[in-house]
């Protein structure tokens, strides 16, 4: 199985399920926070993942990937993004909505 096929069979269906679960609850604020988390994931994961490949801790067979950016296949960067978005959407789906009276009581 190629890395792209992995995404098509596993990552994208998970993303669709979590998007369906979060439907009607996902707001612009959630999108901003999720965008920030995606940036953080890329900033912190890219260097150590590339370093692990450089050290030979793990690798990606050339016949299973499309192409590399630095030492990582493009699909690995996609994995960072797809998993982060899926977890973010699942979090939104599982959050309990705040009632306006509860929010007002806590503020006072």
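In our numbering, the protein residues as written are 2 to 109.
Each residue gets a CB set at the ideal place from its N, CA and C atoms; glycine is no exception.
Assigned secondary structure, residue i (DSSP; H/G/I helix, E/B strand, else coil)
{"i": "residue 7", "result": "helix"}
{"i": "residue 96", "result": "coil"}
{"i": "residue 87", "result": "helix"}
{"i": "residue 79", "result": "helix"}
{"i": "residue 12", "result": "helix"}
Among the options, the one whose alpha carbon lies nearest that of residue i
{"i": "residue 9", "options": "80, 95, 85, 89", "result": "80"}
{"i": "residue 15", "options": "85, 50, 33", "result": "85"}
Residue i vs residue j beta-carbon contact at 8 Å
{"i": "residue 91", "j": "residue 22", "result": "yes"}
{"i": "residue 73", "j": "residue 54", "result": "yes"}
{"i": "residue 88", "j": "residue 31", "result": "no"}
Complete alpha helix (DSSP H) runs within the segment 35-76 (minimum length 4 residues, chain order): none
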